[in-house]
Amino acid sequence: MHDFDPGYAHEPYATLAHTYPGPETYPAKEFRVEWGPIFHRGRLDGTARVLVIGQDPAAHEAITRRILVGTAGRRFQGFLGKLGIDSSYVMVNTYLYSVYGQNAGNAHATDPAIAAYRHSWLDAVTAHNPIQAVIALGGLADTAVSTWRTTPSGATYTGAYQHILHPTYPDSAASSGTDPAQAMAKLLTNWNAALDALHGTVTPDTDRPLTHYGSTLAAADLGTIPEGDLPPGLPAWMRSDEAWAARQGTTPAEKRATILVQIPADQRPF
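Start counting the sequence shown at 4; every next residue gets the next number (this note's numbering).
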């Protein structure tokens, strides 16, 4: 038997899937709208207790049609596991489409039209699930939550809230000249503080002792994306801890239009 995510057949999510915005709201010069919208990952059946706000979909997400399944997703899945949250979560992104350049993400952080549709998702999730905690991954997600909290529906949320460093913070910081080890240690210190704040506040799926991160991210700290989070029939290697999708191209236009999908060598049956 294989578990899978049944998708958006039921309300209020069916209407949200029917009415998503396109290039009229997300400018094609600043978002990869040609890859389509990617809505969520996790439970839409009324059982989610943790609401996670990410940033925007990347290459892995474009293929699986669910958010936070690449490096960021595997790292954060491990964070949830430390809280004992194995399945009772739902994740949505700040942006439906992949940002084409970080400046674009910052420029649209408070865009009213983008926020309006995102608020519809946050309203639906919090109205139909017993959400005990909201976790924002990075600054853009924090802005998204802050904007939502100014709305009538958002103002009624009274659960816990944690804004943590984005799971790929060490990678982006290192690319800007920060020592990689220091950047990772900063992330894990930040995440340990959030674990302390949330542990005992969120009802776990599996009651397990809280274990903190060390100064480096160990293999055991990574989580595997559950089969039940993805559409039916996707192969197991798409949920593995290995990179299998990357943008490729010799020009910006070609790289924008091309994602190379390659089965990891140790996952090939030949």
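No residue lacks a Cβ here, since even glycine has one placed at the ideal position from N, Cα and C.
C-beta contact flag for Q58 and L140 at 8 Å:
yes
Using the C-alpha atoms, what's the distance from D126 back to S156?
6 Å
With DSSP collapsed to three states, give me the class of M187.
Secondary structure at M187: helix, using DSSP grouped into helix, strand and coil.
Beta-carbon proximity check, N195 vs Y216, cutoff 8 Å:
yes
Please state the DSSP three-state secondary structure of M354.
Because the chain here runs from 4 to 273, residue 354 falls outside it and cannot be looked at.
When G231, T227, D48, Y11 are compared against F42, the one with the closest alpha-carbon
Y11
Where the alpha helix (DSSP H) containing V128 begins and where it ends
115-131
Cβ neighbours of A248 in the same chain (closer than 6 Å, five flanking residues each side left out):
A62, H63, I66, I262, V264
Taking C-alpha atoms, which residue in G25, L71, R78 lies nearest to V93?
L71
Looking at C-beta atoms only, is the number of pairs between the segment 200-215 and the segment 82-89 that lie closer than 8 Å three or more?
Verdict: yes, contact present.
Cβ pair A158, I56 closer than 8 Å
no
Which partner residues does I228 have in the DSSP bridge list?
In DSSP, I228 forms no bridge with anything.
Whether G274 touches D6 by CB criterion (8 Å):
This structure cannot speak to residue 274, because the chain is shown only from 4 to 273.
For T113 and T154, I'd like the C-alpha separation in whole angstroms.
13 Å
Just the C-alpha distance for Y29 and Y98, rounded to the nearest angstrom, thanks.
9 Å
Beta-ladder partner(s) of R44, from DSSP:
M94
Answer yes or no: do D244 and T227 have a C-beta to C-beta separation smaller than 8 Å?
yes
Span of the beta strand (DSSP E) holding Y172?
Premise fails: Y172 lies in the alpha helix (DSSP H), 172-178, not in any beta strand (DSSP E).
Can you give me the Cβ contacts of A197 inside the same chain, cut-off strictly under 7 Å, excluding the 5 residues immediately before and after it?
Q165, I167
Have a look at G203 and G49 and give me their C-alpha separation to the nearest angstrom.
Distance between the alpha carbons of G203 and G49 is about 21 Å.
Enumerated in chain order, which unbroken segments of the alpha helix (DSSP H) with a length of 4 residues or greater are wholly contained in the segment 193-257?
none
Looking only at C-alpha atoms, which of E257, P255, G236, L83 sits nearest to D199?
L83
Taking buried to mean at least 16 other C-beta atoms within 10 Å of its own C-beta, is N132 buried or exposed?
buried
Any idea which residues DSSP pairs G73 with across the strands?
By DSSP's assignment, G73 forms no beta bridge with any residue.
Sorted by chain position, which residues of the same chain lie with C-beta nearer than 6 Å to R46's C-beta, five sequence neighbours on each side aside?
V93
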